[in-house]
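Residue numbers (this note's numbering): 126 to 798. Encoded as structure tokens, the structure appears first; notes follow it.
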Amino acid sequence: MATETDIQIQHRVRDSDGKEKVQRSKAEVVHLDGRTEIGEVPHQRLLVQLAKTDSEKRSAEMTWYTGATVRRYGWGGPFNLSFSMDPAHVRMGRLASGSAPLLDSHNDWKLNDVLGVIDRAWIEGGVGKASVRFSNRDQVTPVWKDVEDGILRNASMGVAIHKLKETTKEGDQIKSYLAVDWEPEEVSVVPIGADPGAGFRASDQEQFFQIEQEQVLRATSPKEKEVEQQETTTKPGDQARTEVNLDAERQAAALAERTRVVELRKVCRSLNLDEALAEQHIEKGTSVEDFRKLAIDEKAKKTAGPPDTGVRVDRDEADVRRAGMAASLLFRFDPTKYPLKDDLGRDFVGLTLLDLARECLEAGGKRSTRRMHRNEIAALALSTSDFPNILADVANKTLRQAYDAYPQTFKPFCRQRSASDFKNINAMQLGEAPQLLKVNEKGEFTHGSIAESKETYKLLTYGRIVSLTRQTIINDDLSAFTRIPAGFGVAAATLESDTVWGIVTANAAMADGTALFHANHSNLNSGGGSALALAGLGTGMANMAKQKGLDGLTTLNLQGRYIAVPVALQLTAFQLIAANLAPAVSANLVPEYLRALMPIAEPRLDASSATAWYLFASPDQIDTIEYAYLEGNEGVYLETRQGYDVDGVEIKARLDFGAKAIDFRGMQKNAGA
């Protein structure tokens, strides 16, 4: 039912003698959906926009964006940013979901930062609007009262930007961008907003009237005084003149100046800047809008570290919650490897897997789990996105940690590459540039050619799947999400080592049809081998240095960099190349070039031979063995999905890997004795 309110309207009328006088009259106001029509008064029809608040429900309507352009900073300095309000350019799903948060100054690290919820959000006439509801918590009550009383009015949105379009005009010193694909994620109550038009509607004590003529009349409020202008018309033919109330003008000017001074000082305090800056610009007469931009520039200069790259994107509360839960599980698994940092995860320390499942369900907007059975909680949590993603994050981190920690001794003398697909990888060996020949008397240069060779291999995919059921959640079996993935990581690293060292021990034929280590390749000792000693090392180093290029003429002068031995010979190898200051016999002195060798002890060599040892050149000097991963998937990776054959989650470990000996000349083998 419509309600009525009496509003005093002040307007000027002429009497029968043509004289003007001020007349005050009452107008009937009919409230309709927050928009109020005022009845007809002489020569004027007025519209009033009233605040739409509900004290009992602690709800209010607000504007979160008006299309304003704001100043931001990137690596290249300041730039202007605005957001397209075309509905096709705005992803409103999150903000209009009914569960988006109303935050305190964009803080989203703690639950106390949430002031309320955005019940409804929409775009109307190119302006973003929302209906918000404040929490009934005691600590939120002062904020709500200040909003209700018109003290806190400013608002700001937190967004994720997916696509920007440059709109810089010719001659502009600062670049401008328009967000044409973006997503508002939250709205915050803030001291000073970047968009001056964003905030809560005015209270009933400050009503604005729009007149369907060429003048605007504002009702008197405690903060502002009406500036009265009166227009009188003389005899026909005379020009109209405007008589200004000088006292009202002075009062308005004084009020405007006081307001400007207060706002300039407030901007300085909010940005923690020296108030001397405000005093300086108070004297200069700088406007509030110009000073706000200037103060933001000054704050950016004083901020330590590199500036933000592009637009600040506030973290979503759900993302923080998921990260905290994952951190708490990792801390529980191994506190020394995964200590809690920046309080992330402390709210969840001590919770069981079932407790975390309950938290995910209730935070995700599901019904209360208070009367749900443990089995129902586990099954329902595994069917959502948050809880399986948290478990997958924990599993992936433990897998990568175990994978990276496993000793892979082949990497120093091998070269890594990426493959874009699973087709054959052709590893080309380019020979040396042709030798320079003497130019004859006629000055003619002769053509030469570069020899080449090719080794071929391809990636293979390895993997296994493990299913984790709801019983695992109920039993609080954390090891299923930590130790099993860690085992996958070790298994993947072991597979890679087996593959590469298998190339060394298998001694398979290369593209030329000859075994990797063979007398024809001049990289296999003759005469049955020799024990690991100075003489054998010297021979191996010499043979590597005398290797010829693909042209059969160029001496490569390759230098051995690594000595690989079975663990049965590791003590001998380490002692042999260790520095000895005063050997008893001069023949036992180890030359400096041999002490530069880096020993590698590998147990996989023992299975092939406990006496054979190897020399490898650096891959920076010549190709030796090459190993490859699928592009973008270096190492082992986990994938998870909700189980179809099992009542739970399936975890799949996948490794795309391949390896091949590319060039025999950078490797030497001695069978030992």
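Beta carbons are placed, not taken as given, at the ideal position from N, Cα and C, and that holds for glycine.
Here S230 carries a coil assignment [DSSP, helix/strand/coil]. Separation of P460 and T597 (C-alpha to C-alpha, rounded to the nearest whole angstrom) is 22 angstroms. The three-state reading of DSSP puts T461 in coil, since its state is none of H, G, I, E or B. Under DSSP, C539 takes part in a beta bridge, and its partners are I750. Rounded to whole angstroms, the separation of the alpha carbons of E621 and E487 is 44 angstroms. DSSP, reduced to helix, strand and coil, places V312 within a strand of the structure shown.
In terms of Cα proximity to W738, the closest of F642, Q298, A304 is F642.
Here the C-alpha atom of N645 lies approximately 19 angstroms from the C-alpha atom of A742. In the three-state scheme derived from DSSP, where H, G and I count as helix and E and B as strand, E186 is classed as strand.
Proximity to D781 across F538, L763, R790 peaks at L763, based on C-alpha coordinates.
Around the beta carbon of T749, 16 or more other beta carbons lie within 10 angstroms, which makes this residue buried. Taking the Cα of E310 as reference, the smallest distance to any Cα among Y752, E400, S222, T594 is reached at S222. Judged by DSSP secondary structure, T477 falls outside any beta strand (DSSP E); it is assigned neither H nor E. In the DSSP assignment, Y531 falls outside any beta strand (DSSP E) and carries neither an H nor an E. In the assembly as shown, W247 is an exposed residue. Its beta-carbon has fewer than 16 other beta-carbons within 10 Å.
For the pair of segments examined, the stretch 315-322 was found not to touch the stretch 297-307: the number of CB pairs separated by less than 8 angstroms stays below three. DSSP places T680 in no alpha helix (DSSP H); its state is neither H nor E. By the Cβ neighbour-count rule, K785 is buried, with 16 or more other Cβ atoms within 10 Å of its own. Straight across, the Cα-Cα distance linking D467 with E408 is about 43 angstroms.
Excluding its 5 nearest sequence neighbours in each direction, R457 has C-beta neighbours in its own chain below 7 angstroms: L603, listed in chain order. When the alpha-carbon of D244 is set against those of A735, Y587, D480, M187, the nearest one is in M187.
Beta-bridge analysis with DSSP links Q793 to L740. In this structure A798 is in contact with A656, their Cβ atoms being roughly 5 angstroms apart against a cut-off of 8 angstroms. In the three-state scheme derived from DSSP, where H, G and I count as helix and E and B as strand, K426 is classed as helix. By the criterion of a C-beta distance shorter than 8 angstroms, A552 is surrounded in its chain by K579, E580, T581, Y582, D748, E751, K785, I787, once the five residues flanking it on both sides are discounted. With distances taken between CA atoms, P724 lies nearest to Y687 out of Y687, L696, E756, L730. For a cut-off of 8 angstroms, the C-beta gap from Q526 to K462 is around 7 angstroms, short enough to register as a contact. Residue burial annotation: K522 is buried, with at least 16 other C-beta atoms found within 10 angstroms of its C-beta. F456 is bridged by DSSP to nothing; it lacks a bridge partner.
Segment contact: the stretch 285-295 against the stretch 188-196, fewer than three CB-CB distances shorter than 8 angstroms; contact not assigned.
A straight-line Cα-Cα distance of about 31 angstroms links L228 and M497.
Here T594 is bridged, per DSSP, to G773. Leaving aside the five residues that flank K548 on each side, the residues in its chain whose CB is nearer than 7 angstroms to its CB run, in chain order, K583.
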